[in-house]
Structure formats: structure tokens, C-alpha cells
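S.K.: Before I ask anything, here is the structure I am working with.
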Amino acid sequence: MATIFTRILNKELPGHFIYEDEMGGVFLSIAPITPGHALVVPRQEVDHWLDLSPEQLAWCYQTAQRVGQAQMKAFNPRKVGLMIAGLEVPHTHLHVIAMRDESDLNFAKAHEVPAEELAQAAQALRDAWE
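Under the numbering used here, residue 130 is the last one in the sequence shown; the count climbs by one each step, no gaps.
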């Protein structure tokens, strides 16, 4: 059975996409920690990031770097954090989070936001994407 991330990548479920290509996609978390909290997700369903092929891992990190650069332009944070946790969905995904301080890497701060806020954040990131 396909993971929720595969279903989003396949457009079976809605997602606020920033970027996608043949290797995977980037879309916003529905429960962001900070505005623009994005998920970098390879198309291949691999539960643990240690099991990704070198090509998949390179794609994930290169794409996460581009997301972080867009977050710096769009949201002007002090830094951009990167986390691989993945306990809630058995499909590797990187959390890219614009942060003002280290407490912005705490999943306890995640909260659902209205779809219009997600749409605005997604548009800001697409506009800043290079």
C-alpha cells in the first residue's frame, strides 16, 4: 500500500508543492513548525534514509539545499535547519525548517494552519526558488 507521501506525489491527495521532478518532490508540511516548513521526499518508498541509494541521497540533500536557499530569501530566518526523523511515515523525508533559534526544531511546536497560509508560504518559496 502506498504511503501518504507517495499519494501526495502522485496527486491522489492534495499538497502545497514547491518543486518536483522525476526523483521526487518538495511540498509543505500540513503541520509546520515555522512558515515554509517543507518536506523533501524521494519518489521511491524507502523507510530509512540509510537505505537510500547514493543517487537518491544526493538528490535529497541537493534539493534540501535549494529549499533552504529559497527559505532564506522568502522568510529571512537566522538559519535553516534540516532534520530526518521519519517515525510517523515509513517513507524517507527531510524536514527543511526556517529557524530563528534552535527551539524551532522542536516538533512539539508543529501546528496545523489554514490552507490559505500554506498556499501563501508555498508561493513565497516558489517565487524565491532558483
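From the three backbone atoms N, C-alpha and C, an ideal C-beta is built for every residue, glycine too.
Let me confirm a value: arginine 100 is counted as buried when at least 16 other C-beta atoms fall within 10 Å, else exposed. Which label applies?
M.R.: Burial call: exposed.
S.K.: According to DSSP, simplified to helix, strand and coil, what is leucine 28?
M.R.: In the structure shown, leucine 28 sits in a strand (DSSP, three-state: E or B).
S.K.: Please decide whether alanine 115 counts as near chain D, where near means a Cβ-Cβ distance under 8 Å.
M.R.: Going by chain labels, chain D is absent from the structure shown, which holds only one protein chain.
S.K.: Run through DSSP, which three-state label would lysine 73 get?
M.R.: Of the three classes helix, strand and coil, the one that applies to lysine 73 here is helix, per DSSP.
S.K.: From glutamate 112 to serine 29, what distance separates their C-alpha atoms?
M.R.: So the two alpha carbons sit approximately 9 Å from each other.
S.K.: Name the residue from Glu130, Ile84, Ser103, Asn106 whose alpha carbon lies nearest to the alpha carbon of leucine 39.
M.R.: It is Ile84 whose Cα lies nearest to the Cα of leucine 39.
S.K.: So, using beta-carbon positions, are leucine 118 and histidine 48 closer together than 8 Å?
M.R.: Not in contact: leucine 118 and histidine 48 (Cβ atoms no closer than 8 Å).
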